[in-house]
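Those protein sequences? They're chains A and B, same order as listed.
Going letter by letter, the first sequence gives residues 17 to 154 in my numbering.
Going letter by letter, the second sequence gives residues 10 to 191 in my numbering.
Glycine included, C-beta positions come from ideal geometry on N, C-alpha and C.
Just so you know, these numbers come straight off a predicted model, no measurement behind them.
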Amino acid sequence: TIGMVSLDSNGNMAAGGSTNGLQFKIPGRVSDTALIGSGAYVDNDVGGACATGDGDVMQRFVPSYHAVQLMRQGVAPDEACLDAIKRIAQFNPNFTGAVLALDKNGRYGAACHGMDSFPYSVMKQGWIDPEVLQIPCL
Amino acid sequence: SSSSPIVVTTWPFINATRNAFAKMMTPGATCLDAVEVGCRTCEDEQCDGSVGWGNHPAEDGETTLDALIIDGRTMSVGAVANLHRIKNAIGVARAVLQYSTHSLLVGESATKFAIDMGFKEEDLHSNGSIETWNKWKNGNCQPNFRRNVQPDPTTSCGPYTPKPQCDKEFSSHRQLPYGEHD
């Protein structure tokens, strides 16, 4: 799954994602990627977030929306993602997944579970190439 | 107010991130265009087998796609799920946002909408996905996502029917095989 959040020079933001879902899924199964607030969420006044992982489990906790709402209250992006991940892990200790967030001020962060680490990509003005950042998981 | 443009992307999808950022830096382009271009790059490149056509077949061997795009300025949204026979899922999601007042279209109806909006209908199978599917069928259809059915889904393929006595609890200890997720 690809999840993405973008901030442009006018201060406008967008978010989204695309996936082919779980291998051998029951036909008709919908991943978290397509679900507003689970796969991604964004609000110009706050920031945006996106998610990837075990979609059957994650979509029940609306993690992208959760992270955006925490950022609305001033929580830093990485902390907001961590809180969203913790909620899921509380009910699903074996789940695999990650949440990535970017706020309207250009701060970004992520949190993950069920993996040793989670890599995400960032590109900013003046960079020649995107940078891949790796964070340890919960 | 002016901001410093940024794109963040799950996983080390370098080309998708680069293309999205480059698009955003193009005069007249928007952050929405950036997300569309970035996701489209991964659909075309079939990033890690989890995006786009030709991988992750369902139980019936078909690959179907899900996508979502949200405009943070207007809160407009376009999403598609269980999209059949169309490779450019994020484009169809953008079309839902642009050419309808709905938010989410699913299944064959979403495919019909896409075709009406000018998207190309194509086969999303690949030799790889067919081979993967055949191997899975020949291996008693493991893993699968069935429970409380008979025959025993941990040892057998379907067709399945409900098991009289169900375990009520949803096992929260389910663990997907490594790398097998959305």
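Check: Excluding five sequence neighbours on each side, which residues of the same chain lie with their C-beta closer than 6 Å to the C-beta of P14/B?
Finding: As a position in the second sequence, residue 14/B is number 5, starting the count at 1. Only M33 meet the Cβ criterion.
Note to self: For C40/B, report the span of its beta strand (DSSP E) as first-last.
What the structure shows: Start at 1 with the first residue of the second sequence, and residue 40/B comes out as number 31. First-last for C40/B: 40-54, but that is the alpha helix (DSSP H), not the beta strand (DSSP E).
Note to self: Would you say P171/B lies against chain A (beta-carbon separation less than 8 Å)?
What the structure shows: Within the second sequence, residue 171/B is the residue found at index 162, counting from 1. It does not; no Cβ of chain A falls within 8 Å.
Next item on the list: Go ahead and label T35/B buried or exposed: buried means 16 or more other beta carbons lie within 10 angstroms of its beta carbon, across all protein chains shown.
Entry: Taking the first residue of the second sequence as position 1, residue 35/B is located at position 26. Flag for T35/B reads exposed.
Note to self: Applying the 10 Å Cβ sphere with the 16-neighbour rule, what's the burial state of T164/B?
What the structure shows: The sequence position of residue 164/B within the second sequence is 155, counting from 1. By the 10 Å Cβ count, T164/B comes out exposed.
Note to self: Please report whether the beta-carbon of L116/A lies at a distance below 8 Å from any beta-carbon of chain B.
What the structure shows: As a position in the first sequence, residue 116/A is number 100, starting the count at 1. Taking Cβ atoms only, chain B reaches closer than 8 Å to L116/A, which makes this a yes.
Checklist line | Cβ-Cβ separation, F77/A to A100/A (assumed contact under 8 Å), whole Å | finding: Walking along the first sequence from the start, residue 100/A turns up at place 84. Walking along the first sequence from the start, residue 77/A turns up at place 61. With 8 Å as the limit, A100/A and F77/A qualify as a contact, their Cβ atoms being about 7 Å apart.
Notebook entry, point to check: Does the beta carbon of M87/A come closer than 8 Å to any beta carbon on chain B?
Noted result: For the purposes of this step, residue 87/A is taken as residue 71 along the first sequence, with counting starting at 1. No, M87/A does not count as interfacial toward chain B.
Notebook entry, point to check: Where do the ends of the beta strand (DSSP E) carrying F134/A lie?
Noted result: To locate residue 134/A, count along the first sequence from 1; it is residue 118. Here the beta strand (DSSP E) through F134/A covers 133-140.
Checklist line | Beta-carbon contacts of S10/B that lie in its chain and below 6 Å, excluding the five residues immediately before and after | finding: Here residue 10/B refers to the residue found at position 1 when the second sequence is read from its first residue. Model confidence at S10/B stands at a pLDDT of 49, short of 50, so the residue's coordinates are unreliable and nothing is read from them.
Next item on the list: Helix, strand or coil for Y108/B, going by three-state DSSP, please let me know.
Entry: Within the second sequence, the letter at position 99 stands for residue 108/B. In the structure shown, Y108/B sits in a helix (DSSP, three-state: H, G or I).
Check: Rounded to whole angstroms, how far is the Cβ of K148/A from the Cβ of S133/A, which I believe are closer than 8 Å?
Finding: Numbered from 1 along the first sequence, position 132 holds the residue referred to as residue 148/A. Numbered from 1 along the first sequence, position 117 holds the residue referred to as residue 133/A. The residue asked about is misnamed: residue 148/A is Val in this sequence, not Lys. At roughly 11 Å, the Cβ-Cβ gap does not stay under 8 Å, so V148/A and S133/A are not in contact.
Item checked: Own chain, CB closer than 7 Å to G32/A, minus 5 neighbours either side, in chain order -> Stepping through the first sequence from its first residue, residue 32/A is reached at position 16. If we look at G32/A and ignore the five residues flanking it on each side, its Cβ neighbours are M20, A56.
Margin query: Looking at chain A, is there any beta carbon in it that lies within less than 8 Å of the beta carbon of F154/B?
Written below: As a position in the second sequence, residue 154/B is number 145, starting the count at 1. Chain A contact via Cβ: present.
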